[in-house]
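Same order as they appear, the protein sequences are chains X and E. Each residue of the first sequence is one higher than the last, beginning at 1 in our numbering. Each residue of the second sequence is one higher than the last, beginning at 1 in our numbering. For every residue, glycine included, the Cβ atom is placed at its ideal position computed from N, Cα and C. No experiment lies behind these values; they were computed from the predicted model shown. A short write-up of the structure that comes next.
Number of protein chains: 2
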Amino acid sequence: MATLGFIGLGIMGKPMAGHLLAAGHTLHVHNRSLGAVRELGAKGARGCANAKEVAQQADIIFLMLPDTPDVALVLFGPDGVAEGLSPGKTVVDMSSISPVETKEFALRLAERKVEMLDAPVSGGQVGAEQANLTIMVGGKEAVFQQVRPLFETLGKNITLVGGNGAGQTAKVANQIIVALTIEAVGEALLFAAKAGADPAKVRQALMGGFAQSRILEVHGERMIKRTFNPGFRIRLHQKDLNLALTAARQLSLSLPNTATAQELFNAVAADGGGELDHSAMVQALERLARHTVG
Amino acid sequence: MATLGFIGLGIMGKPMAGHLLAAGHTLHVHNRSLGAVRELGAKGARGCANAKEVAQQADIIFLMLPDTPDVALVLFGPDGVAEGLSPGKTVVDMSSISPVETKEFALRLAERKVEMLDAPVSGGQVGAEQANLTIMVGGKEAVFQQVRPLFETLGKNITLVGGNGAGQTAKVANQIIVALTIEAVGEALLFAAKAGADPAKVRQALMGGFAQSRILEVHGERMIKRTFNPGFRIRLHQKDLNLALTAARQLSLSLPNTATAQELFNAVAADGGGELDHSAMVQALERLARHTVG
Numbered sequence: 001m002a003t004l005g006f007i008g009l010g011i012m013g014k015p016m017a018g019h020l021l022a023a024g025h026t027l028h029v030h031n032r033s034l035g036a037v038r039e040l041g042a043k044g045a046r047g048c049a050n051a052k053e054v055a056q057q058a059d060i061i062f063l064m065l066p067d068t069p070d071v072a073l074v075l076f077g078p079d080g081v082a083e084g085l086s087p088g089k090t091v092v093d094m095s096s097i098s099p100v101e102t103k104e105f106a107l108r109l110a111e112r113k114v115e116m117l118d119a120p121v122s123g124g125q126v127g128a129e130q131a132n133l134t135i136m137v138g139g140k141e142a143v144f145q146q147v148r149p150l151f152e153t154l155g156k157n158i159t160l161v162g163g164n165g166a167g168q169t170a171k172v173a174n175q176i177i178v179a180l181t182i183e184a185v186g187e188a189l190l191f192a193a194k195a196g197a198d199p200a201k202v203r204q205a206l207m208g209g210f211a212q213s214r215i216l217e218v219h220g221e222r223m224i225k226r227t228f229n230p231g232f233r234i235r236l237h238q239k240d241l242n243l244a245l246t247a248a249r250q251l252s253l254s255l256p257n258t259a260t261a262q263e264l265f266n267a268v269a270a271d272g273g274g275e276l277d278h279s280a281m282v283q284a285l286e287r288l289a290r291h292t293v294g
Numbered sequence: 001m002a003t004l005g006f007i008g009l010g011i012m013g014k015p016m017a018g019h020l021l022a023a024g025h026t027l028h029v030h031n032r033s034l035g036a037v038r039e040l041g042a043k044g045a046r047g048c049a050n051a052k053e054v055a056q057q058a059d060i061i062f063l064m065l066p067d068t069p070d071v072a073l074v075l076f077g078p079d080g081v082a083e084g085l086s087p088g089k090t091v092v093d094m095s096s097i098s099p100v101e102t103k104e105f106a107l108r109l110a111e112r113k114v115e116m117l118d119a120p121v122s123g124g125q126v127g128a129e130q131a132n133l134t135i136m137v138g139g140k141e142a143v144f145q146q147v148r149p150l151f152e153t154l155g156k157n158i159t160l161v162g163g164n165g166a167g168q169t170a171k172v173a174n175q176i177i178v179a180l181t182i183e184a185v186g187e188a189l190l191f192a193a194k195a196g197a198d199p200a201k202v203r204q205a206l207m208g209g210f211a212q213s214r215i216l217e218v219h220g221e222r223m224i225k226r227t228f229n230p231g232f233r234i235r236l237h238q239k240d241l242n243l244a245l246t247a248a249r250q251l252s253l254s255l256p257n258t259a260t261a262q263e264l265f266n267a268v269a270a271d272g273g274g275e276l277d278h279s280a281m282v283q284a285l286e287r288l289a290r291h292t293v294g
């Protein structure tokens, strides 16, 4: 069995590292705060002082970090992964970060004869804990096949989308569709409510036709029942739409409704709702209309 | 069996009237152009010179007309339905028109002791021909129960959404969600293509998660395979979003992404694409980005 490393033991990373450990792998871990390191240490993980040390010890190094600058720093900053790498090792970045910069990172690692996969996930904390994450992978087929058994201890719906960056691209595409479908359901149910119809009956009438979606089913119901406890936090979806809009500018691409959805998230966050479930985006539309869905 | 009337024998109305006729009902019909009247006449329908005559002969009068002004004219114009009505009769408007004006029409008919149901459909020409339309109904429960067996000869997914206008409201909500989900899938697949990933693989990776929808499945594939033959024409979806935006202004309601979706339809129509399937909305995004999904 390959010796593994895991850097970033937050609400996603900690249970994921735990599954790799439970599968019997030797696991070297590093995290900014030490609580999670001690917790995994009690289950057999080996704590490292920094990312460089993890890279020295492990053959395959997993990252699960909040955002693009965090990944850049952990890979190429002082005492970072790059300083500890040697040819033949593999970096697997499961963070959700910029697809454009991911390609740059892969090129810089390739110069050191180190392979990289980008492998962002969807499914959230529950998916991480229950090991049924959706994993969208970018990189070489051979590297993907090598790491695949490890992905299978973390998730279920595992797809090699394309070369380096394609996993991050798929994740951004996913977050665009989810945000814009929430916005669509919000406009439709608010229209129904303000026109005097019962949004619950409208949702029911629409479920069997072309308006059908997981979002209408799950998030539509949350809007009607006013259950905005996360779920997936607006603050995190703002980060993802920022990735979409930043990459769109770099790629010369216009995403008009993604821009509007981000502004609506911003408006809910401005009102203190950044920690609410993303279905609470409807609150921004509701304030404009002085009327609520539920 | 009640004596029925049917006004408006277009690509939707003609097959619908045919199903009522085939179920054994006496059917009085009227249509602006006479071809469809003669066609149904050969199957036993009785042609009438105008809408007034249909209303004089029939107990339940169905309408299937293009837009709000057509319904207003046929109901209340010269030689219109209102002139032929008597207390106890029922008007069933299956056109897709303004929910706000529908409530007005119902009030004006109620003054004559005539009941009205609004009962717009989704499912298009194929649904009309195969009698599996989705029917969204507004009106009184007792009237709905009376007409329900007739709806069952026309469609399958039949819902009483609420009082007068609620059927039209549900239909508008449906068309908002469909248009905005097409837009969402368009932004996401174009993002993927421009970032260098394979949109077909991205679509596949996203189908199992929260981005899942009938639109991603059906219209996403059309965008990738460039099969923009209708389906549902942009020209008709423009009409429906116009209903949404007009009603939103009347109701003091802001629908930002519906407005953008309409502008994108307008742009495709300006380029000669009004008769294409509504999934061709992606072409407007593609022109802005000078790049295509497929």
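| Asked | Found |
| --- | --- |
| Arg112 of chain E (DSSP reduced to helix, strand or coil) | coil |
| Interface flag, Thr169 of chain E vs chain X, CB-CB below 8 Å | yes |
| Closest by C-alpha distance to Glu83 of chain E, when choosing among E:Thr292, E:Ala42, E:Ile60 and E:Val54 | E:Val54 |
| Range of the contiguous beta strand (DSSP E) that encloses Asp70 of chain X | Unbroken run through Asp70 of chain X is the alpha helix (DSSP H), Thr68 to Phe76; no beta strand (DSSP E). |
| Closest by C-alpha distance to Lys140 of chain X, when choosing among X:Arg290, X:Ala197, X:Leu117 and X:Leu75 | X:Leu117 |
| Given 8 Å, three or more beta-carbon pairs between the segment 38-51 of chain E and the segment 8-28 of chain E | yes |
| CB contact below 8 Å: Val293 of chain E versus chain X | no |
| Option in E:Met281, E:Pro66 and E:Ser254 with minimal Cα separation from Phe228 of chain E | E:Met281 |
| With 16 other Cβ atoms within 10 Å as the buried cut-off, status of Lys103 of chain X | buried |
| Start and end residues, beta strand (DSSP E) containing Lys156 of chain E | Gly155 to Gly162 |
| Members of the segment 149-162 of chain E near chain A, C-beta cut-off 7 Å | No chain A is present in this structure, whose protein chains are X and E. |
| Residues near Ala244 of chain X by beta carbon distance below 6 Å, same chain, minus five either side | Val172, Ile176 and Thr258 |
| Alpha helix (DSSP H) segments (min. 4 residues) lying fully within the segment 229-294 of chain X | 234-251, 256-270 and 282-289 |
| Contacting positions in the segment 194-213 of chain E - beta carbon closer than 8 Å to chain X | Lys194, Ala195, Gly196, Ala197, Asp198, Lys201, Val202, Gln204, Ala205, Leu206, Gly208, Gly209, Phe210, Ala211, Gln212 and Ser213 |
| First through last residue of the alpha helix (DSSP H) which encompasses Leu306 of chain X | Lying outside 1 to 294, the shown extent of chain X, residue 306 of chain X is not represented and no answer is given. |
| Outcome for Gln238 of chain E when other beta-carbon atoms lying within 10 angstroms are tallied against a minimum of 16 | buried |
| Chain X contact residues for Met136 of chain E, given Cβ-Cβ distances below 9 Å | Val202, Ala205 and Leu206 |
| Of the residues E:Lys156, E:Leu133 and E:Asn164, the one placed nearest Val306 of chain E, counting alpha carbons only | Since the displayed chain E opens at 1 and closes at 294, residue 306 of chain E lies outside it and no answer follows. |
| Limits of the unbroken alpha helix (DSSP H) element including Leu150 of chain E | Glu141 to Phe151 |
| Proximal residues to Thr68 of chain X (C-beta, below 7 Å), its chain only, five neighbours per side dropped | Ile97, Ser98 and Glu101 |
| Nonlocal neighbours in the same chain, by C-beta distance under 6 Å from Leu128 of chain E, ignoring five residues either side | Note that residue 128 of chain E corresponds to Ala in the displayed sequence, not to Leu. Taken in chain order, the residues that qualify are Met12, Pro15 and Met16. |
| Rounded separation between Phe105 of chain X and Gln283 of chain E - CA only | 33 Å |
| Span of the beta strand (DSSP E), counted from its first residue to its last, around Leu20 of chain X | Careful: Leu20 of chain X lies outside any beta strand (DSSP E), inside the alpha helix (DSSP H) at Gly13 to Ala22. |
| Any C-beta of chain E under 8 Å from that of Asn257 of chain X | yes |
| DSSP three-state assignment for Leu4 of chain X, whether helix, strand or coil | strand |
| Interface flag, Pro66 of chain E vs chain X, CB-CB below 8 Å | no |
| Contacting residues, own chain, Cβ-Cβ under 7 Å from Leu85 of chain X (five flanking each side not counted) | Ala55, Arg112 and Val114 |
| Chain E residues whose Cβ lies nearer than 9 Å to that of Gly165 of chain X | Ala195, Gly196 and Ala197 |
| Nonlocal neighbours in the same chain, by C-beta distance under 7 Å from Ala247 of chain X, ignoring five residues either side | Ser98, Pro99, Val100 and Val172 |
| Near-chain X residues of the segment 243-257 of chain E - C-beta to any C-beta below 8 Å | Ala244, Ala247, Ala248, Leu251, Ser252, Leu253, Ser254, Leu255, Pro256 and Asn257 |
| From E:Leu190, E:Arg108 and E:Glu187, residue whose alpha carbon lies closest to that of Gly77 of chain E | E:Arg108 |
| Cβ-Cβ separation, Phe191 of chain E to Leu4 of chain X (assumed contact under 8 Å), whole Å | No, Leu4 of chain X and Phe191 of chain E are not in contact; Cβ-Cβ is about 32 Å, not under 8 Å. |
| Beta-carbon proximity of Leu232 of chain X to Gly155 of chain X, cut-off 8 Å | Residue identity differs from the one stated: residue 232 of chain X is Phe in this sequence, not Leu. In this structure, Gly155 of chain X does not lie closer than 8 Å to Phe232 of chain X by Cβ. |
| Sub-8 Å separation of Thr159 of chain X and Lys201 of chain E beta-carbons | yes |
| Limits of the unbroken alpha helix (DSSP H) element including Met223 of chain X | Arg214 to Lys225 |
| Reduced DSSP secondary structure (H/G/I, E/B, other) of Leu360 of chain E | The requested residue 360 of chain E does not occur in the structure, where chain E is confined to residues 1 to 294. |
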